[in-house]
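Chemist: Number 1976 in the working numbering belongs to position 543 of the sequence shown; there are no gaps in the numbering.
Where is the CB? At the ideal position from N, CA and C, for every residue including glycine.
None of the values given here were measured: they were computed from a predicted structure.
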Amino acid sequence: MTVRRPTVVAGTLLALLLLAGSATATRTSAPSMTPSGPGSPLQLVSFDSCADALAELRATTAAAVRPWGLPTGGPMLQHRTAVDSPAATADLADSMSAEQHSVTNSYQPGVDEPDLVKTDGRRIITINQGVLRVVDPATNRFTGRLNISGPSHWGQYDLLLHGDHALVLTDAAPMVRPASDVAREETASEPARTSFRPEPVTARLLLVDLSGPPQVISTYEINGRTLDARQTGSTVRVVVQSYPRVTFPELPATADEAARQEANRATVAAAGIEAWLPAYEWTAGAEHGSDRVACDRLSRPHTGTGSAMLTVLSFDLTADRLTDGDPVSVAADADTVYSTGDSLYLASWRQLEEPPTPGRWPDQIGTSVTDIYQFDTTATGRPRYVAAGTVPGRLINQYALSQWQGHLRVATTTVGRDERGSESGVHVLRRQGAVLALTGAVTGLGPGEQIYSVRYLGDTAYVVTFRRTDPLYALDLSDHAAPRVTGELKITGYSAYLHPVAEGRLLGIGQEADLDGRIQGLQVSLFDVRDPAQPLRLDRWHRPHAWSAAEHDPHAFQYDASTGLLAVPVNAGLRLLRVSGDTLTDQGEVTHPDAGISRSLLVGDTLWTVSDAGLRATDPTTGQSLAWLPNS
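1. Using 8 Å for Cβ pairs, my map puts Pro1916 next to Ala1874. What's the rounded Cβ distance?
2. Would you kindly work out how many angstroms separate the C-alpha atoms of Val1802 and His1988, rounded to a whole number?
3. When the Cα atoms are used, what is the spatial distance from Ala1704 to Tyr1778?
4. Output needed for Pro2053: all residues of its chain with C-beta closer than 7 Å, excluding positions within five of it in sequence on either side, in chain order.
5. Apply the 10 Å Cβ neighbour rule to His1978 and answer buried if 16 or more other Cβ atoms are within range, or exposed otherwise.
6. Leu2017 and Val1957 look like a contact to me (Cβ under 8 Å); what is the Cβ gap, rounded to whole Å?
7. Could you give the distance in angstroms between the alpha-carbon of Asn1561 and the alpha-carbon of Leu1639?
8. Which residue's Cα is closest to the Cα of Gly2078: Val2023, Tyr1992 and Trp2061?
9. Below 8 Å, can you find three or more Cβ-Cβ pairs linking the stretch 1895–1910 to the stretch 1876–1884?
10. Would you give the residue range spanned by the beta strand (DSSP E) that Gln1953 belongs to?
11. Counting Cβ pairs closer than 8 Å, one from the stretch 1806–1815 and one from the stretch 1691–1708, do we hit at least three?
12. Kindly list the residues whose CB is nearer than 6 Å to the CB of Gly1920, restricted to its own chain and excluding five residues on each side of it in sequence; keep chain order.
13. If you scan the stretch 1710–1780 from start to end, which runs of the alpha helix (DSSP H) of 4 or more residues do you find wholly inside it?
14. Based on DSSP bridge pairs, tell me the residues matched to Thr2024.
15. When the Cα of Val1671 is compared with those of Val2043, Asp1591 and Leu1785, which residue comes out closest?
16. Looking at the secondary structure, which residues open and close the beta strand (DSSP E) in which Glu1856 lies?
17. So is Ser1530 buried or exposed if we call it buried at 16+ other beta carbons inside 10 Å?
18. CB-CB under 6 Å to Thr1665, same chain, minus the five flanking residues each way: which ones, in chain order?
19. Quick check on the DSSP output: the alpha helix (DSSP H) that includes Ala1492 runs from which residue to which?
20. If I follow the unbroken alpha helix (DSSP H) through Val2003, where does it start and stop?
21. Suppose you measure from the CA of Ile1581 to the CA of Thr1559; what does that come to, to the nearest Å?
22. How big is the Cα-Cα spacing for Leu1959 and Arg1938?
23. Buried or exposed for Gly2037, please, with buried defined as at least 16 other CB atoms from any protein chain shown within 10 angstroms of its CB.
24. Just verifying my parser: in three-state terms, what is the DSSP assignment at Asn1573?
25. Assuming Val1701 is part of the alpha helix (DSSP H), what are its boundary residues?
26. For Glu1984, does the three-state DSSP call read helix, strand or coil?
27. By how many angstroms is the C-alpha of Val1859 removed from the C-alpha of Thr1876?
28. Given a cut-off of 9 Å on the beta-carbon distance, is the pair Gln1807 and Met1742 in contact?
29. Need the endpoints of the beta strand (DSSP E) that Ser2031 sits in, please.
30. If you check the beta carbons only, do His1932 and Gly1954 fall under 9 Å apart?
31. Based on Cα-Cα distance, which residue from Ser1667, Gln1838, Ala2050 and Ser1855 lies nearest to Phe1748?
32. State the start and end residues of the unbroken beta strand (DSSP E) segment that holds Val1848.
33. Please classify Lys1551 as buried or exposed, where buried requires at least 16 neighbouring CB atoms within 10 angstroms.
34. Helix or strand or just coil, what does DSSP make of Ile1884?
35. Buried or exposed: Gln1797, going by 16 or more other Cβ atoms within 10 Å of its Cβ?
36. Can you give me the C-alpha to C-alpha distance between Thr1996 and Val1536, rounded to a whole angstrom?
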């Protein structure tokens, strides 16, 4: 077989997947290490031709196919040997107090994230069950309504906003169980094993003009589902995930699994390149365009070709149309996106085929790694691929990543073959040419535990690990070559989300637990982190048997630095707490009729809450309801 030499792609993007979850902390300095795993440094490479791409996609998909179809949602990579060997607390507090209205609780200041409600202070825009509504907060009334759902639409709708344009992101087509599967079960003498194969999903974007009555002025549809999006200024990057569109044959219920798998592989072998390359179409008034991602816009990680696709689209919200999105695709699966505005990072989990080489990474005990790809997004249009690297272990979410002073900090958990052999750490990378090279690491955090939350504040990091108790670690990252643990606080329970507040304090939202690690209900903790050697818990609010959406969705968390108001969904209601000095004070609850509150926002001195039932305006100092706007 002829082995080709990969060519590095300079203008494409890549993909990912992740997981989550430490020994006495160990500081490591390794300025000469290249954390790219076995073989040559990690990179993106192009295919030589469409025929070459099709051959590899067929081979990878055929290897992944099962008697009952293709698994979805997991990595399907055909690995091979390579041919070629944030902002500080003060900044966050200032950005909140300077606004006359709150903004979506996004991770990176200046980089917006999609959510189901947006405001610019003049109006509130919500999207709920396929209906976009516009509210005038000055008069407490609806001023616009637009039904944008179709009969096949499902799932969550999200919004991004710039000027008089809103971008709606959603997916179309449900998960359908083939009727023939049900019929086989009813007629077969023995129950037939059936599969829930996903019908083709379409990511759908709608550009809505809000200058008058809201109206859709442009649409965009592409094969796949919306994975995530980020907005900097008027530029939006949308990441779409897609799987092969292959229709497998339906065999008699008597067919055995070997016959089914062979038939499925034959179907894959006969599929054309269109089964993998996403097709898209757009409209703008009477104009219409359609195409498919071209082979020269497709790349792959040099570690192997995947059967799934990740496509990145770029749009300018000042334009009056979405056009083709300038798409680029990578043959890999994905799960996490992190953006700083000038850089876009994609991080992919990869299972190692062989045990890690001793000494390759400090205290590497796990069997998986996270590949990280950096793209330059300072210019509009397609991001430009600049570097890649690898760290041991796996991420929990985008909060595990942080760019600071030209370095990328990455918090991961490594898990050995015995899950109790897990440990966590923070790895510091710096771009050296086309490689994200390891400059230092601190490992050994939380032996036998996994990471539950991470927060970076300038040159300091706070990491929560948990299995039975909750160690909150304070880390000094000021020396990129020698990061170190400065302090540790052990308490029961854990914080699933950490949020900075003024004067060296930190809020934690999570669950209380007993000494055996059994959860005991929602707790909000106020930490004092002014002394990095001795973090303390100053106060806490606990509600037995309760939970909060903010534990897993930071967009549900609302904190106003100017007043100390903390609004957190608790079960179906919204709890109002006040952070003042070293104390947390309960100031009551906001409720909606027959619906759970999902979001809250501030416009001027008024607290607005959002649910499936409608919106309520509340005086946050007294808890008095000022207006109720039902969605019906």
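Modeler: On the basis of the supplied data:
1. One-based indexing of the sequence shown puts residue 1916 at position 483. One-based indexing of the sequence shown puts residue 1874 at position 441. Pro1916 to Ala1874, Cβ: 7 Å. Contact.
2. Counting from one through the sequence shown, the residue named residue 1802 turns up at place 369. Counting from one through the sequence shown, the residue named residue 1988 turns up at place 555. Their Cα atoms are separated by approximately 29 Å.
3. One-based indexing of the sequence shown puts residue 1704 at position 271. One-based indexing of the sequence shown puts residue 1778 at position 345. Those two C-alpha atoms are separated by around 32 Å.
4. Within the sequence shown, residue 2053 is the residue found at index 620, counting from 1. Closer than 7 Å at Cβ, skipping near neighbours: Leu1998, Leu2009 and Leu2040.
5. Counted from its first residue, the sequence shown places residue 1978 at position 545. Per the 10 Å Cβ criterion, exposed.
6. Position 584 of the sequence shown, counted from the first residue, corresponds to residue 2017. Position 524 of the sequence shown, counted from the first residue, corresponds to residue 1957. At roughly 6 Å, the Cβ-Cβ gap stays under 8 Å, so Leu2017 and Val1957 are in contact.
7. Reading the sequence shown from its first residue, position 128 is the one you call residue 1561. Reading the sequence shown from its first residue, position 206 is the one you call residue 1639. Their Cα atoms are separated by approximately 15 Å.
8. This structure does not reach residue 2078, given that the chain is present from 1434 up to 2065, and the question cannot be answered.
9. Yes, the stretch 1895–1910 is in contact with the stretch 1876–1884.
10. Here residue 1953 is taken as the residue at index 520 of the sequence shown, counted from 1. Note, Gln1953: beta strand (DSSP E), Ile1952 to Asp1961.
11. no
12. Residue numbering aside, residue 1920 sits at position 487 when the sequence shown is read from its first letter. Excluding sequence neighbours, Gly1920 sits near Ala1907, Pro1965, Ala1966, Gln1967 and Pro1968.
13. You should have found no qualifying run.
14. Stepping through the sequence shown from its first residue, residue 2024 is reached at position 591. Thr2024 is not bridged to any residue.
15. If you number the sequence shown from 1, residue 1671 lands on position 238. Looking at the Cα atoms, Asp1591 is the closest of the given residues.
16. Your numbering for residue 1856 matches position 423 in the sequence shown. Segment Glu1856 to Gln1865, the beta strand (DSSP E) holding Glu1856.
17. Sequence index remark: in the sequence shown, residue 1530 carries index 97 (1-based). With a pLDDT of only 40 at Ser1530, under the threshold of 50, the placement of this residue in the model should not be trusted, and no figure is reported.
18. Numbered from 1 along the sequence shown, position 232 holds the residue referred to as residue 1665. Correct list, in chain order: Val1544 and Gly1774.
19. Residue mapping note: residue 1492 aligns to position 59 of the sequence shown, counting from 1. Segment Cys1483 to Ala1497, the alpha helix (DSSP H) holding Ala1492.
20. As a position in the sequence shown, residue 2003 is number 570, starting the count at 1. First-last for Val2003: Leu1998 to Val2003, but that is the beta strand (DSSP E), not the alpha helix (DSSP H).
21. Mapped onto the sequence shown, residue 1581 falls at position 148. Mapped onto the sequence shown, residue 1559 falls at position 126. Rounded to the nearest angstrom, the two C-alpha atoms are 12 Å apart.
22. On the sequence shown, residue 1959 is found 526 positions in, with the first residue counted as 1. On the sequence shown, residue 1938 is found 505 positions in, with the first residue counted as 1. So the two alpha carbons sit approximately 7 Å from each other.
23. To locate residue 2037, count along the sequence shown from 1; it is residue 604. Label assigned to Gly2037: exposed.
24. The sequence position of residue 1573 within the sequence shown is 140, counting from 1. Asn1573: coil per DSSP, three-state reduction.
25. In the sequence shown, counting from the first residue as 1, residue 1701 sits at position 268. Its alpha helix (DSSP H) spans residues Glu1690 to Ala1703.
26. Residue 1984 sits at position 551 when you count from the first residue of the sequence shown. Three-state DSSP puts Glu1984 in a helix.
27. Counting from one through the sequence shown, the residue named residue 1876 turns up at place 443. Counting from one through the sequence shown, the residue named residue 1859 turns up at place 426. Rounded to the nearest whole angstrom, the C-alpha separation of Thr1876 and Val1859 is 6 Å.
28. To locate residue 1807, count along the sequence shown from 1; it is residue 374. To locate residue 1742, count along the sequence shown from 1; it is residue 309. For Gln1807 and Met1742, no; Cβs fall outside 9 Å.
29. Position 598 of the sequence shown, counted from the first residue, corresponds to residue 2031. Its beta strand (DSSP E) spans residues Ile2030 to Val2036.
30. The residue given as residue 1932 occupies position 499 in the sequence shown. The residue given as residue 1954 occupies position 521 in the sequence shown. No, the Cβ-Cβ distance between His1932 and Gly1954 is not below 9 Å.
31. Here the question's residue 1748 lines up with position 315 in the sequence shown. Cα-wise, what sits closest to Phe1748 is Ser1667.
32. On the sequence shown, residue 1848 is found 415 positions in, with the first residue counted as 1. Segment: none, Val1848 is in no beta strand (DSSP E) and carries neither H nor E.
33. Taking the first residue of the sequence shown as 1, we reach residue 1551 at position 118. Buried: at least 16 other Cβ atoms inside 10 Å.
34. As a position in the sequence shown, residue 1884 is number 451, starting the count at 1. DSSP places Ile1884 in strand when its eight states are reduced to three.
35. Translated into positions along the sequence shown, residue 1797 becomes position 364. With a pLDDT of 46 at Gln1797, under the threshold of 50, the predicted position of this residue should be treated as unreliable, and no value is reported.
36. Indexing the sequence shown from 1 puts residue 1996 at position 563. Indexing the sequence shown from 1 puts residue 1536 at position 103. The alpha-carbon atoms of Thr1996 and Val1536 are separated by roughly 15 Å.
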